[in-house]
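Residue numbers (the numbering used here): 457 to 650.
From the three backbone atoms N, C-alpha and C, an ideal C-beta is built for every residue, glycine too.
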């Protein structure tokens, strides 16, 4: 079994850049294979891939995630996500546009969070409160941004928990949109116009 991790950033020109893509193949250690690593900087435009044991995954994942965060801050990224393919597949059917890879509007949570989600300074300050039931940690960054962490350790991920969190988040956003629409439809001018 394996899982493919993806570290993606959206830069100021709103293009998505895969900072790194890592394929973790579990069981390679037990089969007697050596851990292998191929790593290129994201600016080369090459896709990064790696096969390794679960033990190596637990060691390397935080290092690459820290590199992703440093890259986001250094290059003024608007938004970013660290996700794994299996978790994304759990929520695919819940999304209004599963193929849409867009930066969320300022003041809104994205439809699809990552296990770690980066918000640049402009977006971080305008985020609404997290809905109750979303077990996340929000950490400020040195550059004024924020990282929303749904997970502390990559080897402890739970795809069904990822789906549950997204159901809560999407239901909360739908309720807020419905309330705003209802308030707008009931609006009347403050005084009678002749």
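For a test of the three-state rule: what should DSSP assign to residue i, helix, strand or coil?
i, result
"residue 547", "helix"
"residue 520", "helix"
"residue 537", "strand"
"residue 553", "coil"
"residue 462", "strand"
"residue 580", "helix"
Ordered along the chain, which non-local residues of its own chain (more than five positions away) have a Cβ less than 8 Å from that of residue i?
i, result
"residue 568", "537, 539, 544, 547, 551, 622"
"residue 562", "578, 579, 582"
Between the options, which has its C-alpha nearest residue i's C-alpha?
i, options, result
"residue 603", "467, 518, 535, 466", "535"
"residue 609", "520, 467, 466", "520"
"residue 606", "527, 554, 573, 631", "573"
"residue 594", "559, 612, 570, 611", "570"
"residue 468", "585, 575, 613", "575"
Here's a check: name, in chain order, each residue in its chain whose Cβ is nearer than 6 Å to the Cβ of residue i, leaving out the five neighbours to either side.
i, result
"residue 615", "542, 543, 546"
Using the Cβ count rule (16 or more neighbours within 10 Å means buried), how would you classify residue i?
i, result
"residue 464", "buried"
"residue 489", "The predicted position of residue 489 is uncertain, since its pLDDT is 36 and thus under 50; a value taken from the coordinates is nonetheless stated next. Looking at its Cβ environment, which holds fewer than 16 other Cβ atoms inside 10 Å, residue 489 is exposed."
"residue 527", "buried"
So, under 8 Å CB-CB, residue i and residue j are touching, yes? Tell me the CB distance rounded to an integer number of Å.
i, j, result
"residue 529", "residue 601", "7 Å"
"residue 466", "residue 590", "So it is not a contact: roughly 22 Å between Cβ atoms."
"residue 597", "residue 525", "7 Å"
Once you ignore the five residues that flank residue i on each side, which residues in its own chain have a CB closer than 7 Å to its CB?
i, result
"residue 531", "467"
Is residue i close to chain C? Criterion is C-beta to C-beta, closer than 9 Å.
i, result
"residue 592", "Note that chain C does not occur in the displayed structure, where there is just one protein chain."
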